[in-house]
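Going line by line, the protein sequences match chains A and B. To get our numbering, take the position in the first sequence, counting from 1, and add 1. Reminder that position 148 of the second sequence reads as 134 in our numbering, one-by-one numbering, no gaps.
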Amino acid sequence: MIEFRNVSKVYPTGTHALNKASLTIEKGEFVFIVGSSGAGKSTFLKLIMREEVPTSGSIIVNGMQLDKMKRRHVPMLRRTMGIVFQDFRLIDKMTVYDNVAFAMRAIGARPRAIKKRVPYILELVGLEGKGDRYPSELSGGEQQRVGLARALVNNPQMIIADEPTGNIDPEMSYEIIELLSEINKRGTTILIVTHELDLVQSFNRRVITIEKGVVVSDTVDIQS
Amino acid sequence: MKFSGLGYLIKEGIKSIWTNRMMSIASIGVLISCLLLTGAAELLTINVSSALESIGGTNVTRVFLEQHITDLEAVHIGDELARIPNVEKTVFISKDDAIKDYQDTLREDIFEQLTGEGNPMPNAIDVTMTDLAYYDDTIAAVLATEGVESARDTREIAQKLTMLNDLVGTMSLWIMAALVLISIFIISNTIRMTMYSRRFEISIMKSVGATDTFVRIPFVIEGMVIGLISGVIASGLLAVLYNVVLNTMKDIVALSFVPYSQVGLWASLAFVVAGVAIGALGSVVSIGRYLRKEGNELLGW
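Take a look at the structure:
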């Protein structure tokens, strides 16, 4: 669950990235965040991930109050979320399997748990049999599936996807969003930041539009 | 932390030394040099102290008796001297004992001529003082005693050696401090380079919720292993170099040196412990600031 109450963010440079933004995203929702570049979408995500702290206002994510959170508690917050990047951010010298396992190792998972979980997740995202490939041997769509598998492997409550289709062709983009929809059906909250309005329209989900640091529209999910 | 996770982190740390082998070799080289210089300074101090002791300590003065004094009279004079305030003890050195000190330095035939009847040495007494501050008063009282001819003033030599000892001690301390700082700087630089080359992995680790400790451990292990390798190599080199220097010096200076067997174990242990500690410290220094960075800032994008 995400709750923003009158959240403002002013960077040291003087840029007002968010201006008294308030919104609530419930557990299990599927939400698109849209807006032109520089509208405040990235800041919105950084605040959720606690890469930035708000200048004023309060933020609650997955039951944790972020504006008062101590630095040492940040890892616990991040374990409740899986992040998918526009540029995939895969480690080139690692195989698909190791890229996904890396996320489990990074939080101290046991080798036995890793051995069991990684193949399951690879199958879930449609990458069965490709565990020993290297990222460079995969298509853009497949690489993003690896990114998604990595985000999912620690069983987070929420997936945050920052322009997940920005670097892949339209057909593959559709498949990625489909996959995220499937994951959403299992109860995982999905938050997708995108500027591809065609894609957003074809999925008919809740859409939050941010412009100049302000939430300008919030259409209700008509499917749920 | 779970044990399985620790195993993974140790493996990562060691792997990283190989991945950045050029920098690792450079840091090992610098660390070995620093450890060796520090060790050399420390061994010099130990040897100067030992030389000081072998000269007879700082508070023993040899008092020569008049030529005609017999052994029995000398013992009586010794008792008399022992009653002077500030005299801790007296040891009688017979003329036969005194000449033996020169046995090694004189030719055999000359030495033989000087023993027995031909012995030119007077009987002597080694006077140990409680407090050198009263040296002048005590020595005046000693010289006023009947039968005493003269006293060898070892104070000047002792003072010079003590000064040298202090100087070497202080200097080696400063050299050590400077070298430790240099070593920490070099290691922290190496680790910083490793961190830079692995910043991408670190950013992913942080995004999935790795704790600072978890991110830090492989780098600390890398630093410690570099320190350990340096410590072991430096120990071996010191053993070889010390023995070479000792053998050379023995022929030049007539002083007793501390054999390596007496200091070797401690030196090796100190090298390894210092190497590992410097390695760990160097890593911790470089990681702290890096860990506070987030996302693209960490990646430098």
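All C-beta atoms in this analysis are idealised placements derived from N, C-alpha and C, irrespective of residue type, glycine included. Please read all numbers here as calculations on a predicted model, not as lab measurements.
To the nearest angstrom, how far is the alpha carbon of ASN156 of chain A from that of TYR121 of chain A?
In this structure, the alpha-carbon of ASN156 of chain A lies about 12 Å from that of TYR121 of chain A.
Is it buried or exposed for ASP163 of chain A, if we count other Cβ within 10 angstroms and need 16 for buried?
Looking at its Cβ environment, which holds 16 or more other Cβ atoms inside 10 Å, ASP163 of chain A is buried.
Thinking C-beta only, is PHE186 of chain B closer than 8 Å to LEU21 of chain B?
No, they are not a contact pair.
Check whether chain B comes within 8 Å of GLY167 of chain A, counting only Cβ atoms and requiring the distance to be less than that.
Chain B, which has no Cβ nearer than 8 Å to the Cβ of GLY167 of chain A, makes this no.
Are ILE14 of chain B and ILE215 of chain B touching if we call contact CB-CB under 8 Å?
Yes.
Three-state secondary structure (DSSP) of THR176 of chain B:
Here THR176 of chain B sits in helix by DSSP.
Are ILE61 of chain A and GLU4 of chain A close, meaning C-beta to C-beta below 8 Å?
Yes, these two residues count as a Cβ contact at 8 Å.
Note the first and the last residue of the continuous alpha helix (DSSP H) segment covering ILE184 of chain A.
Run containing ILE184 of chain A: 171 to 186, per the alpha helix (DSSP H) assignment.
Could one say the Cβ of LYS(-12) of chain B lies closer than 8 Å to chain A's Cβ atoms, at least one of them?
Caution applies to LYS(-12) of chain B, whose pLDDT of 49 falls short of 50 and renders its modelled position unreliable; the value that the coordinates give is listed next. For LYS(-12) of chain B, the answer is yes, since a Cβ of chain A falls inside 8 Å of its Cβ.
What would DSSP say about LYS75 of chain B, mapped onto helix, strand or coil?
DSSP places LYS75 of chain B in strand when its eight states are reduced to three.
CB-CB length for GLY213 of chain B against GLY250 of chain B, believed under 8 Å:
The Cβ separation is near 20 Å, so there is no contact.
Please report whether the beta-carbon of SER225 of chain A lies at a distance below 8 Å from any beta-carbon of chain B.
With a pLDDT of only 39 at SER225 of chain A, under 50, the local geometry of the prediction cannot be trusted, and no value is derived from it.
is_contact[TYR135 of chain A, chain B] using C-beta, thresh 8 Å
Against chain B, the CB of TYR135 of chain A has no partner CB under 8 Å away; the residue lies outside that interface.
Continuous beta strand (DSSP E) stretch holding SER221 of chain B: start and end:
Taken as a continuous stretch (DSSP letters only), SER221 of chain B belongs to no beta strand (DSSP E), being part of the alpha helix (DSSP H) at 198 to 238.
CB contact check: ILE190 of chain B to chain A, cutoff 8 Å:
Interface residue, yes.
Neighbour flag for GLU172 of chain A against chain B, beta carbons, 8 Å
Proximity of GLU172 of chain A to chain B, defined by a Cβ-Cβ separation below 8 Å, is not satisfied.
For MET115 of chain B, report the span of its alpha helix (DSSP H) as first-last.
First-last for MET115 of chain B: 110 to 115, but that is the beta strand (DSSP E), not the alpha helix (DSSP H).
Residues of the region 192 to 216 of chain A whose Cβ lies closer than 8 Å to any Cβ of chain B, in chain order
Look at the region 192 to 216 of chain A: it has no residue with a C-beta under 8 Å from a C-beta of chain B.
C-beta contact flag for LEU30 of chain B and SER158 of chain B at 8 Å:
At the C-beta level, LEU30 of chain B and SER158 of chain B come within 8 Å of one another.
Best match in A:GLY127, A:ALA114, A:ASP219, A:VAL8 for proximity to SER59 of chain A [C-alpha to C-alpha]:
For SER59 of chain A, the nearest C-alpha among the options comes from A:VAL8.
Residues that THR197 of chain B contacts on chain A, provided the C-beta gap is smaller than 7 Å
Simply PRO76.
List the residues of chain B that ASN155 of chain A touches, going by C-beta distances under 8 Å, in chain order.
In chain order: VAL194, GLY195.
Identity of the residues DSSP links to ARG207 of chain A by a beta bridge:
Beta-bridge pairing links ARG207 of chain A to A:VAL32.
Is any beta-carbon of chain B found at less than 8 Å from that of ILE92 of chain A?
For ILE92 of chain A, at least one C-beta of chain B is nearer than 8 Å to its own C-beta.
By the 9 Å beta-carbon criterion, what residues does the region 44 to 67 of chain A contribute toward chain B?
Going along the region 44 to 67 of chain A in chain order, one finds LYS47, MET50, ARG51, GLU52, GLU53 with a Cβ nearer than 9 Å to chain B.
With 8 Å as the threshold, decide whether the Cβ of TYR(-6) of chain B is near any Cβ in chain A.
With respect to chain A, the C-beta atom of TYR(-6) of chain B has a partner C-beta closer than 8 Å.
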